[in-house]
Amino acid sequence: MRENGNTVRAGDPGIRELTLGGQAVRECSAVLDAVGEEFGAADDPGFLRKAGAYASGLPDEVLDAVREMRFAESTAALVIRGGPVGGADCPTPGHWKEREPAATVRQDFWLALVTAQLGDPIGWASLQDGHLFNDILPIAGEEREQTGHSSETDLELHIEDCFSDERCDALALLCLRNHDRVPNSLVTTAALDLGRLDLDALFSPRFLIMPDSEHLRRSGGTTEAGRPRPLMFGSRHAPYLRVDLPYTRALPGDERAAKALADLADQLDRGATTLSLAEGDLLLVDNYRALHGRGTFRPRYDGTDRWMRKLTVVRDLRRSRALREGADGRVIDPFAALVDAT
Ligand SMILES: [Fe+2]
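Residues in the sequence shown are numbered consecutively from 17, following my numbering.
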């Protein structure tokens with residue numbers, strides 16, 4: 017179905033696709049050229065302060081689609097295809113530590129400019145040395161982990177950094193390489209049949225959410241999962257979600273909560289849809305209203321593997337101030353409070 021010019025609604029009514037035309041691409045490229053003349057990298061603090069101003073020069077069809085996602089909450093995931101940047105010029109690195117710093121400068125600027133409409137970028141001390149821009153690529157030895165570095169197992173549906181109260185409001189994945197068209201999986205709250213879910217239980221703090229294995233390497237084995245959380249919050253008519261299926265369980269002995277979680281998981285799995293990103297495609301996900309995952313693939317580790325750049329943003333940077341070193345700092349240490357307390 018075609019609507020709003022070239023914005024297309026996918027099967028899940030919460031997912032939209034936008035394919036940019038030639039004029040829009042030229043306008044986006046002009047903004048990227050201007051940014052590139054002033055800054056050398058997208059994690060430059062000076063650029064981050066001005067990203068919103070630069071982003072205002074993007075074409076209306078981009079800005080309107082992202083603003084609708086943010087303010088109307090009618091879109092929970094937006095795919096922007098045919099954008100102004102392509103894939104990577106260099107081989108996919110075997111590890112995020114091996115990436116050439118200059119390899120993705122223009123792609124990073126594109127990520128930052130589009131997401132500037134959704135919030136301010138944050139990084140995690142427990143992920144990829146605190147870098148704001150992360151690499152999603154297969155790593156040898158991690159094929160079966162439930163992280164973005166796995167390959168030979170499905171990355172199950174999840175809210176990003178679900179265990180933390182400081183998780184992002186939105187995340188963006190920019191495809192740099194995906195020769196095998198490995199599918200992303202998505203499901204939004206629009207796919208749920210709320211009348212068949214136990215909302216009383218799901219809105220109550222009766223669930224434990226564990227950090228994923230990548231975060232846990234920094235926590236020294238201590239987790240935030242000791243505090244029970246609700247899996248839904250906000251409006252009961254249009255709830256926000258907080259669930260990472262492999263890392264979420266009901267409190268021990270709470271059979272009603274376990275049943276509510278199982279029913280929710282069943283609806284999420286049944287409602288999930290897949291889409292394939294090509295080089296240069298950008299996927300924006302509302303981290304309160306959509307879960308994402310990834311299908312299985314066989315890694316080659318020869319420089320041609322699937323490679324995405326990821327950026328996460330929050331609407332209120334101040335909310336995480338206790339877990340960031342400075343007011344202008346963007347790196348959250350999710351376990352800082354635990355370390356301070358010991
Ligand atoms: Fe994720």
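The C-beta atom is built at its ideal place from N, Cα and C for all residues, glycine as well.
All figures in this text were calculated on a predicted structure; none of them were measured in a lab.
Best match in the options for proximity to residue i [C-alpha to C-alpha]
| i | options | result |
| --- | --- | --- |
| SER180 | ARG243, GLN144, LEU208, ASP209 | ARG243 |
| ARG32 | ARG83, GLY73, ILE96, ALA266 | ILE96 |
| GLU319 | GLU53, PRO107, LEU143, GLY37 | It should be noted that the sequence gives Gly, not Glu, for residue 319. With distances taken between Cα atoms, GLY319 lies closest to PRO107. |
| ALA306 | PHE249, ALA71, ALA93 | ALA93 |
| PRO262 | GLY99, ALA67, ASP59, GLU176 | GLU176 |
| PRO100 | VAL78, PRO199, GLU271 | VAL78 |
| PHE219 | LEU333, ARG193, LEU280 | LEU280 |
| GLY27 | ILE155, GLY68, ASP80, VAL203 | VAL203 |
| LEU34 | PHE351, ARG316, TYR317, GLY296 | GLY296 |
| VAL130 | ALA274, GLU341, GLU168, VAL41 | VAL41 |
| SER292 | HIS195, ALA338, CYS184 | HIS195 |
| GLU168 | ARG337, TYR317, ARG346 | TYR317 |
| ASP285 | GLY73, ALA207, ALA69, GLY30 | ALA207 |
| SER166 | PHE313, ALA186, CYS178 | PHE313 |
| ALA50 | ALA69, GLU271, PRO350 | ALA69 |
| LEU224 | ASN200, GLY269, GLY37 | GLY269 |
| LEU171 | TRP112, ILE348, CYS178, GLY311 | GLY311 |
| LEU173 | LEU153, PRO154, PRO199 | PRO199 |
| PRO75 | THR91, ALA46, PHE55 | ALA46 |
| ASP361 | CYS178, PRO246, GLY98 | Since the first and last residues shown for the chain are 17 and 358, residue 361 lies out of range. |
| HIS308 | ILE348, ALA338, ALA276, ALA186 | ALA186 |
| SER336 | SER72, ALA88, ASP80, ARG183 | ARG183 |
Close beta carbons around residue i, own chain, < 6 angstroms, minus the five adjacent residues each side
| i | result |
| --- | --- |
| ARG252 | LEU215 |
| LEU333 | ASP136 |
| ALA128 | ALA58, ALA67 |
| GLN144 | TRP112, ASN150 |
| VAL82 | GLN133 |
| PHE55 | PHE63 |
Proximal residues to residue i (C-beta, below 8 angstroms), its chain only, five neighbours per side dropped
| i | result |
| --- | --- |
| ALA10 | Because the chain is modelled from 17 through 358, residue 10 falls outside the range shown and cannot be assessed. |
| TYR256 | THR205, MET248, PHE249, GLY250, TYR304, ARG305 |
| ARG115 | PRO109, ASP151 |
| LEU376 | With the chain running from 17 to 358 in the structure shown, residue 376 is simply not present. |
| LEU192 | GLY103, ALA104, THR108, THR120, GLN123, GLU295, TRP323, MET324, ARG325 |
Neighbour-count burial assignment, residue i, 16 or more Cβ in a 10 Å radius
| i | result |
| --- | --- |
| ALA357 | Residue confidence is low: ALA357 scores 40 on pLDDT, short of 50, so the model does not pin down where it sits. Its coordinate-derived value is still stated next. Counting Cβ neighbours within 10 Å, ALA357 comes out exposed, since fewer than 16 surround it. |
| LEU267 | exposed |
| GLN39 | exposed |
| VAL355 | Residue placement at VAL355 is poorly supported in this model, since its pLDDT is 46, which falls under 50; the coordinates are not used for a value here. |
| ARG18 | The predicted model places ARG18 with a pLDDT of 33, which falls under 50 and marks its position as unreliable, so this point remains unresolved. |
| ALA254 | exposed |
| SER142 | buried |
| THR264 | buried |
| PRO227 | buried |
| THR290 | exposed |
| GLY287 | buried |
| ARG346 | buried |
| ALA278 | exposed |
Spatial neighbours of residue i in its chain, beta-carbon cut-off 7 angstroms, leaving aside the 5 residues before and after
| i | result |
| --- | --- |
| ARG86 | GLN133, LEU134 |
Segments assigned alpha helix (DSSP H), at least 4 residues, entirely inside the segment 204-236: For the alpha helix (DSSP H) assignment, the uninterrupted runs of no fewer than 4 residues enclosed by the segment 204-236 are, from N- to C-terminal side, 215-218, 229-235.
Three-pair Cβ contact test at 8 angstroms for the segment 325-341 versus the segment 135-153: Taking 8 angstroms as the limit for Cβ pairs, the verdict is that the segment 135-153 does touch the segment 325-341.
Segment contact flag, the segment 297-304 with the segment 150-169, C-beta cutoff 8 angstroms, min 3 pairs: As far as the Cβ criterion goes, the segment 297-304 does not touch the segment 150-169, which means the pair count is below three.
Segments of 3+ residues assigned as beta strand (DSSP E) that fall wholly inside the segment 274-312: For the segment 274-312, whole beta strand (DSSP E) runs of length 3 or above, ordered along the chain, are 289-292, 298-302, 306-310.
Segments assigned beta strand (DSSP E), at least 3 residues, entirely inside the segment 249-274: 255-257, 264-266, all fully within the segment 249-274.
Alpha helix (DSSP H) segments (min. 4 residues) lying fully within the segment 71-150: Every alpha helix (DSSP H) of 4 residues or more that sits fully in the segment 71-150 is shown, in chain order, as 76-83, 121-131.
Minimum length 3: unbroken beta strand (DSSP E) runs contained in the segment 162-191: Qualifying beta strand (DSSP E) stretches, in chain order: 171-174.
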